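K.L.:
Take this structure first; my questions come after.
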Amino acid sequence: MTIAMIWLIAFAAILFLCYSRWESSVSPGLDRLLPAVMKTHGDNRLVWSLALAVLGATTLVRPVDMLLTAIIIALLVLIGRKLAGWAMNKVDM
207 MTIAMIWLIA FAAILFLCYS RWESSVSPGL DRLLPAVMKT HGDNRLVWSL ALAVLGATTL
267 VRPVDMLLTA IIIALLVLIG RKLAGWAMNK VDM
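With the working numbering, the residue at position 65 of the sequence shown is 271, and numbering never jumps.
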């Protein structure tokens, strides 16, 4: 129960900070990191704030799980790129 309360408090705090400081810091920061297709144009303020709040609160409560998840995703991306490069070399165009 304590972990759930800590997660809810962290979620609320991060959501409030992301939503209130959207124009000054969060949106320009996301625009620098994301590709053009995913830029924060339009009315995505609430969606991005919710997503960042969930990720931030989960990282605060369970940092090892988030780190291991990030490592597994990075390994899968690396293996996928290597396999795609190998397959492109085998295909004659």
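Built from N, CA and C at the ideal position, the CB exists for glycine as well.
On a predicted model such as this, the values are computed, not experimentally measured, just so you know.
Fully enclosed by the stretch 218–297, which alpha helix (DSSP H) runs are 4 residues long or longer?
P.N.:
233–239, 251–267, 269–296
K.L.:
Among residues of its own chain, excluding the 5 on either side of residue 256, which ones have a beta-carbon nearer than 8 Å to its beta-carbon?
P.N.:
Numbered from its first residue, the sequence shown carries residue 256 at position 50. Within the same chain, residue 256 has close Cβ partners 221.
K.L.:
From the DSSP output, in three-state form, read off residue 207 for me.
P.N.:
Sequence index remark: in the sequence shown, residue 207 carries index 1 (1-based). Coil.
K.L.:
Out of 293, 278, 228, 292, which has the shortest C-alpha to C-alpha gap to residue 249?
P.N.:
Numbered from its first residue, the sequence shown carries residue 249 at position 43. The residue with the shortest Cα to Cα distance from residue 249 is 228.
K.L.:
Could you compute how far the alpha carbon of residue 302 sits from the alpha carbon of residue 230?
P.N.:
Outside the shown range of the chain, which is 207 to 299, sits residue 302, and nothing can be said about it.
K.L.:
Which residue's Cα is closest to the Cα of residue 219: 251, 234, 258, 235?
P.N.:
Within the sequence shown, numbered from 1, the residue matching residue 219 stands at position 13. It is 258.
K.L.:
Looking at residue 262 and residue 217, is the spacing between their C-beta atoms short of 9 Å?
P.N.:
As a first step, residue 217 must be located in the sequence shown, where it is residue number 11. As a first step, residue 262 must be located in the sequence shown, where it is residue number 56. In contact: residue 217 and residue 262 (Cβ atoms closer than 9 Å).
K.L.:
Could you compute how far the alpha carbon of residue 215 sits from the alpha carbon of residue 288?
P.N.:
Working through the sequence shown from its first residue, we reach residue 215 at position 9. Working through the sequence shown from its first residue, we reach residue 288 at position 82. Distance between the alpha carbons of residue 215 and residue 288 is about 42 Å.
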